[in-house]
Each structure stands twice: as C-alpha cells, then as structure tokens.
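**Q** Right, I'll just put the structure down here and ask away after.
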Amino acid sequence: MNLETPKKFRGLVNQAHQVAEHYFRPISRKYDKAEHAYPKELDLLAALLDGMNAGSPDAIGATSASKRGASFEPAQGNTNGGNLAASKRGAAREQQEGVKNGGNLSALLGVMELCWGDVGLLLAMPRQGLGNAAIAAVANDEQLGRFGGTWAAMAITEPGCGSDSAAIRTTAVKDGDHYVLNGEKIFVTSGQRADAVVVWATLDKGLGRAAIKSFVVEHGTPGMSVTRLEKKLGIKASDTASISFSDCRVPAANLLGSPEIDAQKGFAGVMETFDNTRPLVAGMAIGVAKASLDRTRELLHKQCKLDYRKPLLSVSHAEATLYRLEAEWEAARLLTLKAAWMADNRLPNSKEASIAKAKAGRVANEVTLKCVELAGALGYGEDELLEKWARDSKILDIFEGTQQIQLLIVARRLLGKSSSELK
Amino acid sequence: MTADIQGRALAMLNRFAQADWPDRLKLRKPVERLIYSGSRASFRAAAQRAGQASKTPRAADADALFDLTLSDEQQMLVTMLEGFASEVLRPLAHAADEQAALPAALLNQAHELGLTHYGVSEALGGMAAERTTVSNALIAEALGKGDLSLAAALLVPLSAANCIRRWGSPAQQAQWLPAFIGADLAPLMAIAVNEPTPLFDPQQLATQAKKRGKHYLLSGEKCLVLRGLDAGQLIVAAQAADGLGLFIVQAGAKGLQRSPEPAMGLKAASTARVVLKNVKVPLEARLAGERFDYQSFLDHAGLAWCALAVGTAQAALDYVIPYCNERVAFGEPISHRQGVAFMLADMAVELDAMRLMVWRACARAEQGLSFQREAYLARLLCSDKAMRIGTDAVQLLGGHGFTQEHPAERWYRDLRALAIMAGGLQL
Chain V
30 MNLETPKKFR GLVNQAHQVA EHYFRPISRK YDKAEHAYPK ELDLLAALLD
80 GMNAGSPDAI GATSASKRGA SFEPAQGNTN GGNLAASKRG AAREQQEGVK
130 NGGNLSALLG VMELCWGDVG LLLAMPRQGL GNAAIAAVAN DEQLGRFGGT
180 WAAMAITEPG CGSDSAAIRT TAVKDGDHYV LNGEKIFVTS GQRADAVVVW
230 ATLDKGLGRA AIKSFVVEHG TPGMSVTRLE KKLGIKASDT ASISFSDCRV
280 PAANLLGSPE IDAQKGFAGV METFDNTRPL VAGMAIGVAK ASLDRTRELL
330 HKQCKLDYRK PLLSVSHAEA TLYRLEAEWE AARLLTLKAA WMADNRLPNS
380 KEASIAKAKA GRVANEVTLK CVELAGALGY GEDELLEKWA RDSKILDIFE
430 GTQQIQLLIV ARRLLGKSSS ELK
Chain H
-11 MTADIQGRAL AMLNRFAQAD WPDRLKLRKP VERLIYSGSR ASFRAAAQRA
39 GQASKTPRAA DADALFDLTL SDEQQMLVTM LEGFASEVLR PLAHAADEQA
89 ALPAALLNQA HELGLTHYGV SEALGGMAAE RTTVSNALIA EALGKGDLSL
139 AAALLVPLSA ANCIRRWGSP AQQAQWLPAF IGADLAPLMA IAVNEPTPLF
189 DPQQLATQAK KRGKHYLLSG EKCLVLRGLD AGQLIVAAQA ADGLGLFIVQ
239 AGAKGLQRSP EPAMGLKAAS TARVVLKNVK VPLEARLAGE RFDYQSFLDH
289 AGLAWCALAV GTAQAALDYV IPYCNERVAF GEPISHRQGV AFMLADMAVE
339 LDAMRLMVWR ACARAEQGLS FQREAYLARL LCSDKAMRIG TDAVQLLGGH
389 GFTQEHPAER WYRDLRALAI MAGGLQL
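Same order as they appear, the protein sequences are chains V and H.
In terms of this note's numbering, the first sequence has 437 at position 408, counting the first letter as 1, and numbering is strictly consecutive.
In terms of this note's numbering, the second sequence has 189 at position 201, counting the first letter as 1, and numbering is strictly consecutive.
Structure follows, in structure tokens:
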C-alpha cells in the first residue's frame, strides 16, 4: 500500500506548479477584473501544453483523463459499502501485477497544481474544455481524427433544467444526413471562445434519459448563436455563454456514441464521462483550497506554530482552525486520488467519483471562506487573492453536479435505490 | 539459530486449523483458499527477507505507485478477522458492555487468532516484518467492526508487544517478547499514558520518574488504563529528568494502587485508575531502544484508535442502511427522504476519508517516512467524524437508537473515547 505521489509524476507536478506560479498567478487579478476579456496569454501556454501532450502520454490536460481503451459497465448499485469495497479489493488483487497510475491520476495531479494558480484561467484554457474530455471519452476513431485539434465546450444545462439533465428540452430531429437542433443552452463554459460545442439534446422527449445524445456543433453552423455572456461571482477569466439553436443542422456524423435509443444503457454512456471528470473538478477544488491554506499560513506564521504536536484544545482557536481545515483538505485530496486511481485501474468508480466531488467541493468552499476570515481585513481586500479564491471556489460545489446531486448518487448506491425511489 | 519463519507461520495456521469457530463461521473454506494463494506470495517474501536480514528500516520506495490494494496476506487477515468480528465479537458485545468485563472464553478464541505474532519480530520467532503498521491498522479496523470496546481489549497484548519491539532495547525485546508468542495466553501488559486532568497533553505529564541510584521512583496518577486491573505489568509513561519515557512496572509493586474506573464506554476493556507513589522501578525497566521516540509512540497509539474507529464507524453505517430501508414512515421507507439519505451519504463520505487518512499515515510510518503530520491530521479528522457518525447512527434509528435494543448507543459511547485516549494501544 502506498498513498504517496509516485516519482514518475513529480516532473509533471513540478511543471504544472511552475505554470501556476509564474504564468497564472501574475495575470490572476487582471482577468478577475477584466471579465469577458480573452486571456490572450493562454494561447502561448496552450500551444506549449499541446506540444507536451503530443510528446507524453501522461501530460496534463482534459483529454488525458480519457477512458479510451477501458471499457467497463458502471457498477450496479445494490451492494452496501463493505461488500462493494471487498469486491473491488478482490478485483484489484487480480491485477496486482499491473497496478496502474495512468492518465486519470496524472491529469488530476496536473489540475490540482494549475488550480493552485488560478481556477478561472485553467477553465479558460483552449482545447482543455469538458467538451474535449467528452470527445476523448466517447468519440469513434473517425471523429477523434476530425475533432483532433478542436477546442470543444460542453452544453448541458438549460434555463429549465440544471442537475436534472434527463429533463433536457433541446431536441434533435433526424433529417437525412443531418440532425436538426432546437433549444436554448446556458452556462456553457468557453461557449463563445471554443471552436465547437458538445450539445446534449433529446431524440425523443417521451423516452427520457435513454434518448439523450450529444452532438458536436461547430461555431459558424447556421442556426447557432451566442445570446449572452454571464457576469459571475468568480472564475471571471472563464467565459460563460448562453447559446441558442434554431433549426441548426448538424451532420449526423457529429453525433457522439451510438445513434440508437437503448433504454438499458443510453444514458449511462453519457453519464460515464462524469466518472472521469468529477475527480478532475474535485481536483480543481483541492488546488484552490491549497492556495488559500498556503497563503493564510504565510500570513499567520507568527501567530500559528503548526508543529502537529500540541492537542487541538491547547492551541489558539486560529491554529486549531488551520489544523482542522488542513485535515479536511487532506481528506478531500485522498478521496479524489482514490477515485482517479480506480478509474486508471478500471474499477467502477461512480460512487467514489461522487464522494470525491462532494467532499472536495464543500471543503474547498469552507477552506477558502474561512481563510478570508482568518486573514481578516487583509483577506477581504483585493490586495490579496484570498477573497478571489473564496469567490472562485463556490462554483466547484455546483457545476459538474452540485453537492446535493453527489450526495444523492452516493446515497442511491449505498441504499440500492433507483432515482425514482430516492428522488 | 532462530526457527524458520515459514515453520512459524505454519504453526500459527495450525492453531487456526484446530479451532472450532472457523467452522461455525463457515470461514474455513474461504480462508483455506486465501491461504493457498496468500502463502505462495508471503512465504516467498519471507524467504527473501530471511536472506537479507537487514537491521535498518527499508528506505521508502521512491518508484512505488499510488496503490490502495491490500497484499494477499493482508486480505487474508482482514477476511478472517472480519468473520471473527461479526460472528464472535458482535454477539458478545452487549453482555460484555453490561458486565464491564471480557468473557473468559473470548480470551482463548482470541489467542487462537495468534495476533500477538504480528507484534514480535521474526528474529524472535514472531511474524512482524519490516513493514507492519498497515497490517496492524487493518487488524484493528477489522476487529473494530465487531465492537470497539472488545476490540480495544483484545488488542492490548498485541499493543504491548508492538511497544516493546519498537521502543525496547534488544535485551528488553529478548526478555519480554518470546512470552507473547508462546503456547499460553500472552502476558497482559497495559499501557498507561492518560492522566485525570482536563485539557490533558501527553507531552506534559504530571507523572514523574526520579532517578535514585539503580532505580527510578515513579509517582503520579494514570487513568482509563485498558484492562489495568488484570494486567501483570504496566507500561507507564512518565517524565524523567532527561525526557519522557516508558517504564515497565510490575502491577504488584509496592506503592502502586489500582481501582476500577468505569467510564461512558470502553466498558468491556475494564478501564482502571492507577496511582503510583514512589514506585521503585529498576533502571533496566525503562524502554531503551536506540530509536526511542515518544512522539512517534503517541502517534502509533493515536492511529490504533483511529483504525478501531474506522471499523466501528463502518459497522454503524452497515447497521443503519438496512434499518432505513426497512423502516416505513408516511407510506415509504425513510431512506426515500433526502433528509435521511443525505445523512447516510455523509457518513459514507467521511468514513472513507477517515480510512484513507489512517492508511496514509500508517503507510508512511512503515515506509520510514515522517508521519507525525499525517498522524495528527488523521487523529483530528477521525475524532471529529467518528463521533459524528456515532451520533448520526443513533439519530437515524430514532428513539430505538437510544435504547440498548440496538448497538448504536454503545458505539456512540465508545466512539466518544477517540478524542480522549492517549496511548493505551500501539500499532
């Protein structure tokens, strides 16, 4: 058993940390102020990352968490925690010779470091969007080739549907070699800046989740238009667009995955992406929380000794708070590493991905808010980045499934309940 | 010439084979299968280790991958002990709590498990290899699933063996350890650290050890000593002129008084108060291993309590899940309500967090890496979350949870100990 970062990733982690410290941090406040301005500095960095990705299978970025080559069914959730853990241990043992630390873990480690720099800038990175992760996860070979250099955003949420993605109203109707899309999407990260958008739409509203498919829609496709850019609490460097589709004709070849409506596994295929991306969002939370913790400890170094020795009840309240936040942070970090490790080793990790996201999301929000409080007026002021991180962190407990959605997923698996029983 | 490690492992398995409880538990077949697959790997490893016979802890394996997989041997241990916990410990737990005593029959059954072998080094005839901390934590976690208080009581001999192996000099190890793996019951040595003072800090002991010629004179008061009344010796933590130390004290020594100290929980471990007044202890009775480190001793103790709590918290979660699925209110199982379901989800989240924090600290400890920070944070998190899980388990059972019809109220009382206990156990 070993829970340390393997040596082979140390170069990557260091590289990501350098980018975070020397590339993101210096422009962090600039793009927090200049909402909707494109951080042009990212182009150079993206080119660099593309080069690194091409050169190394373990490089940082959204696509390296892809499940390519791995194929497993999501766990059927009728076992309790203990049994599930035992069966996983059994499964893991079988392939003990070949325990893997692969793309999921390396992407996670990279994301943690980069978000120590700036979450908003990471989200704004060209060609690193969630749409790219979706393409990497479910596209066929022809599509992979065609969308290789494309920067793809992801469009799921609608004005009338948030976490309840089965209630999607955007429709896709087959017409010859095309699908015709109609509907309204909101909260599309980099929706305006990206080259294309992966749009979730239903082939048949009456058939529920199984009929939901995703389509790659390229910017400039007639019928697609960006209708507004949101002004937000945080992650202002990352643009959030509303996009409307009006008789937008998309080539049928741009449908990701199977065009058939399979009641058994249609939606599972779409949801599978989340098992890989949730740990990454958890990783963002861990990164920004670490930034706050590090800076707060620097500011309080005279008041708080932090020698991990004195009982919690015998140190100052500020010191005890820092200890507690660090313990929660460490817990979130380990849960997230576990979820990514399971994905690398092809162990079904739906529950663990949600556990990681739930824990990391709420911990990051608590840590960053508490750090502002600990640093007092310094923390609240714009001379420090603490107040910014406390604003940035909130989204991490919301997007890619809110805290409450993650808890629902975990609870359903624990209890063996369907979504119609435990709503 | 020391006995062959493989021979010793076989002797231990033989004791398991002779016991009758594995049949009652229908555990024999699975364990046999595991032994077959596990023995190949672990015996091979044992043979390799015997060839190396290195004295220093192995340096951390820098190329090691992140890996949460249990070894075959660890998996075998866990399967065996989880069966023991659910089939032997759990049924005895209620009465043991009520009578505040360990059932005598249980001591023999526990002896058959041969757990103390994991506390005695291979050179002295035991099974403790260079890396034992994670295995010890897994033992505690598995037993804790049965009952925290019984598990703590059963871990006292293994803890004493670990303590002497890790912190004693070679002479002290040779003097004390062989008895722990003999055919008879292991000697009962209780570890006494806690003192009856609010905001107790185990680094600031009131108990003093004053050097007088060839002896130390120990004076002070120790509380909540697990199995303190039955112990033949006590390992007492005290402040000496040259630092904090551990002293092996005969329980019958002049000036040493023991009395029962019943508490909120941990009742099966029959906690005791010990008063020392100028108790004369020979100089050689102070644990004097080259690498003696009082802080590390405390950390190994804290992690033992954490590992127990992980097991008990898992037991609590496993217990309330079927209850919430079966209990109907307003025409539906209560588990269909988010107010209930979210509490369960939170229990699962924090339980897994506790486990990973403990595993990481233990894995670092056995790799020879610093682990004071990790142990401290694990202790902090586990104290907090285990109590949360304990109180939520009672809450989810409602009024029934408040009664002794269900084990939740006992777990609630036992889990409160986690933030309080210093020493007592040792991984």
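Every residue, glycine too, gets a C-beta built ideally from N, C-alpha and C.
Small disclaimer: the values here were computed from a predicted structure and weren't measured.
(1) According to a CB-to-CB cut-off of less than 8 Å, which residues of the segment 338 to 350 of chain V neighbour chain H?
(2) Under the three-state reduction of DSSP, which class applies to H:I127: helix, strand or coil?
(3) Report the neighbours of V:K446 on chain H: residues whose CB is nearer than 9 Å to its CB, in chain order.
(4) With respect to 7 Å, is the separation between the Cβ of H:A260 and the closest non-hydrogen atom of the ligand HEM below this value?
(5) What separation, rounded to the nearest whole angstrom, lies between the Cα atoms of V:Q432 and V:S379?
(6) Suppose the cutoff is 6 Å on Cβ atoms and the five residues either side in sequence are ignored; what does the same chain contact list for V:G237 look like?
(7) Tell me the residue span of the alpha helix (DSSP H) that contains V:T365.
(8) Looking at the structure shown, is V:F244 part of a helix, part of a strand, or coil, going by DSSP?
(9) So that I know if they touch, is there some Cβ in chain V lying closer than 8 Å to that of H:D51?
(10) Distance, Cα to Cα, H:H203 vs H:G356?
(11) Whole angstroms are fine: how far does the CA of H:L126 sit from the CA of H:E354?
(12) Is it right to say V:S267 is buried, meaning 16 or more other beta carbons lie within 10 angstroms of its own, or is it exposed?
(13) Quick check on H:A225 - is its C-beta less than 8 Å from some C-beta in chain V?
(14) Does H:T185 pass the burial test, meaning 16 or more other C-beta atoms within 10 Å, or should it be called exposed?
(15) Who are the neighbours of V:E327 on chain H, taking C-beta pairs under 8 Å?
(16) Can you list, in chain order, the residues of the segment 359 to 386 of chain V whose Cβ is nearer than 7 Å to any Cβ on chain H?
(17) Return the bridge partner residues of V:R54 from the DSSP annotation.
(18) Locate the alpha helix (DSSP H) running through H:T67, then write down its first and last residues.
(19) DSSP three-state label for H:T121, please.
(20) So H:G216 packs on H:A180, CB below 8 Å; how close in whole Å?
(21) By the 10 Å Cβ neighbour count, where 16 or more other Cβ atoms means buried, how is V:R257 classified, buried or exposed?
(22) Taking CB distances under 8 Å as the criterion, tell me whether V:E429 reaches chain H.
(23) Put V:N283 into one of helix, strand or coil per three-state DSSP.
(24) For the segment 161 to 227 of chain H, list the beta strand (DSSP E) runs that are entirely contained and at least 3 residues long, ordered along the chain.
(25) Could you tell me whether the Cβ of H:C346 comes closer than 8 Å to any Cβ of chain V?
(26) Take the Cβ of H:Q160 as the centre, count every other Cβ of all protein chains shown within 10 Å, and call the residue buried at 16 or more, exposed below.
(27) Classify V:N169 as helix, strand or coil using the three-state DSSP reduction.
(28) Could you compute how far the alpha carbon of V:E123 sits from the alpha carbon of H:E61?
(29) I'd like the span of the beta strand (DSSP E) that includes H:I236, first residue to last.
(30) Can you tell me which of the three DSSP states V:E450 falls into?
(31) In whole angstroms, what is the alpha-carbon distance linking H:L143 and H:A260?
(32) Of all the options V:G205, V:T365, V:S243, V:I241, which has the alpha carbon lying nearest to the alpha carbon of V:V392?
(33) Can you tell me whether H:T391 is buried or exposed, with buried defined as 16 or more other CB within 10 angstroms of its CB?
(34) Helix, strand or coil: which one does DSSP assign to H:Q245?
(35) Is V:Y352 close to chain H? Criterion is C-beta to C-beta, closer than 8 Å.
(36) Once you ignore the five residues that flank H:L77 on each side, which residues in its own chain have a CB closer than 6 Å to its CB?
**A** Short version:
(1) Within the segment 338 to 350 of chain V, the residues whose Cβ lies closer than 8 Å to some Cβ of chain H are R338, K339, P340, L341, L342, S343, listed in chain order.
(2) Translated into the one-based positions of the second sequence, residue 127 of chain H becomes position 139. In this structure, H:I127 counts as helix in the three-state DSSP scheme.
(3) On the first sequence, residue 446 of chain V is found 417 positions in, with the first residue counted as 1. Within 9 Å Cβ-Cβ: N313, P321, S323, H324, A329.
(4) Looking for the ligand HEM in the displayed structure turns up nothing, as the structure carries no ligands at all.
(5) Within the first sequence, residue 432 of chain V is the residue found at index 403, counting from 1. Within the first sequence, residue 379 of chain V is the residue found at index 350, counting from 1. Spanning the two alpha carbons is a distance of roughly 15 Å.
(6) Looking up residue 237 of chain V in the first sequence gives position 208. If we look at V:G237 and ignore the five residues flanking it on each side, its Cβ neighbours are A195.
(7) If you number the first sequence from 1, residue 365 of chain V lands on position 336. 346 to 373 is the extent of the alpha helix (DSSP H) around V:T365.
(8) Taking the first sequence and counting its residues from 1, the one referred to as residue 244 of chain V is at position 215. Three-state result, V:F244: strand.
(9) Position 63 of the second sequence holds residue 51 of chain H. Closer than 8 Å: yes.
(10) As a position in the second sequence, residue 203 of chain H is number 215, starting the count at 1. As a position in the second sequence, residue 356 of chain H is number 368, starting the count at 1. Near 34 Å, if we compare the C-alpha coordinates of H:G356 and H:H203.
(11) Along the second sequence, one-based indexing puts residue 354 of chain H at 366. Along the second sequence, one-based indexing puts residue 126 of chain H at 138. C-alpha separation (whole angstroms): 13 Å.
(12) Counted from its first residue, the first sequence places residue 267 of chain V at position 238. Classification of V:S267: buried, given that the 10 Å Cβ count is 16 or more.
(13) Walking along the second sequence from the start, residue 225 of chain H turns up at place 237. With 8 Å as the cut-off, H:A225 does not count as an interface residue toward chain V.
(14) Looking up residue 185 of chain H in the second sequence gives position 197. With fewer than 16 other Cβ atoms within 10 Å, it is exposed.
(15) Counted from its first residue, the first sequence places residue 327 of chain V at position 298. Neighbours of V:E327 on chain H: none; closest Cβ ~17 Å, over 8 Å.
(16) E359, A360, L363, L364, L366, K367, W370, I384
(17) Start at 1 with the first residue of the first sequence, and residue 54 of chain V comes out as number 25. V:R54 is not bridged to any residue.
(18) Translated into positions along the second sequence, residue 67 of chain H becomes position 79. First-last of the alpha helix (DSSP H) with H:T67: 60 to 72.
(19) Position 133 of the second sequence, counted from the start, is the residue given in the question as residue 121 of chain H. Here H:T121 carries a helix assignment [DSSP, helix/strand/coil].
(20) Taking the second sequence and counting its residues from 1, one reaches residue 216 of chain H at position 228. Taking the second sequence and counting its residues from 1, one reaches residue 180 of chain H at position 192. Their Cβ separation, rounded to whole angstroms, is 7 Å, which keeps H:G216 and H:A180 in contact under 8 Å.
(21) Within the first sequence, numbered from 1, the residue matching residue 257 of chain V stands at position 228. Answer is exposed; the Cβ neighbour count stays below 16.
(22) Numbered from its first residue, the first sequence carries residue 429 of chain V at position 400. No, V:E429 lies away from the interface with chain H (no Cβ there is under 8 Å from its Cβ).
(23) Translated into the one-based positions of the first sequence, residue 283 of chain V becomes position 254. The answer is helix: DSSP assigns V:N283 an H, G or I state.
(24) Inside the segment 161 to 227 of chain H, DSSP marks whole beta strand (DSSP E) runs of 3 or more residues at positions 177 to 180, 196 to 200, 203 to 213, from first to last along the chain.
(25) Residue numbering aside, residue 346 of chain H sits at position 358 when the second sequence is read from its first letter. For the record, residue 346 of chain H in the displayed sequence is Val; it is not Cys. False, the Cβ-Cβ gap to chain V never drops below 8 Å.
(26) Numbered from 1 along the second sequence, position 172 holds the residue referred to as residue 160 of chain H. Flag for H:Q160 reads buried.
(27) By 1-based counting over the first sequence, the position of residue 169 of chain V is 140. Looking at V:N169 - three-state DSSP - the assignment turns out to be coil, as it is neither helix nor strand.
(28) Position 94 of the first sequence, counting from 1, holds the residue named residue 123 of chain V. Position 73 of the second sequence, counting from 1, holds the residue named residue 61 of chain H. With a pLDDT of 41 at V:E123, under the threshold of 50, the modelled position of that residue is not reliable, and no figure is offered here.
(29) Numbered from 1 along the second sequence, position 248 holds the residue referred to as residue 236 of chain H. H:I236: member of the beta strand (DSSP E) spanning 231 to 238, first to last residue.
(30) Looking up residue 450 of chain V in the first sequence gives position 421. DSSP places V:E450 in coil when its eight states are reduced to three.
(31) Counting from 1 along the second sequence, the entry for residue 143 of chain H is found at position 155. Counting from 1 along the second sequence, the entry for residue 260 of chain H is found at position 272. Rounded to the nearest angstrom, the two C-alpha atoms are 16 Å apart.
(32) Within the first sequence, the letter at position 363 stands for residue 392 of chain V. Closest by alpha carbon: V:T365.
(33) Against the second sequence, residue 391 of chain H aligns to sequence position 403. Here H:T391 is exposed, its C-beta having fewer than 16 other C-beta atoms within 10 Å.
(34) In the second sequence, counting from the first residue as 1, residue 245 of chain H sits at position 257. H:Q245: strand per DSSP, three-state reduction.
(35) To locate residue 352 of chain V, count along the first sequence from 1; it is residue 323. Taking Cβ atoms only, chain H reaches closer than 8 Å to V:Y352, which makes this a yes.
(36) Working through the second sequence from its first residue, we reach residue 77 of chain H at position 89. Contacts found: G134, D135, L138.
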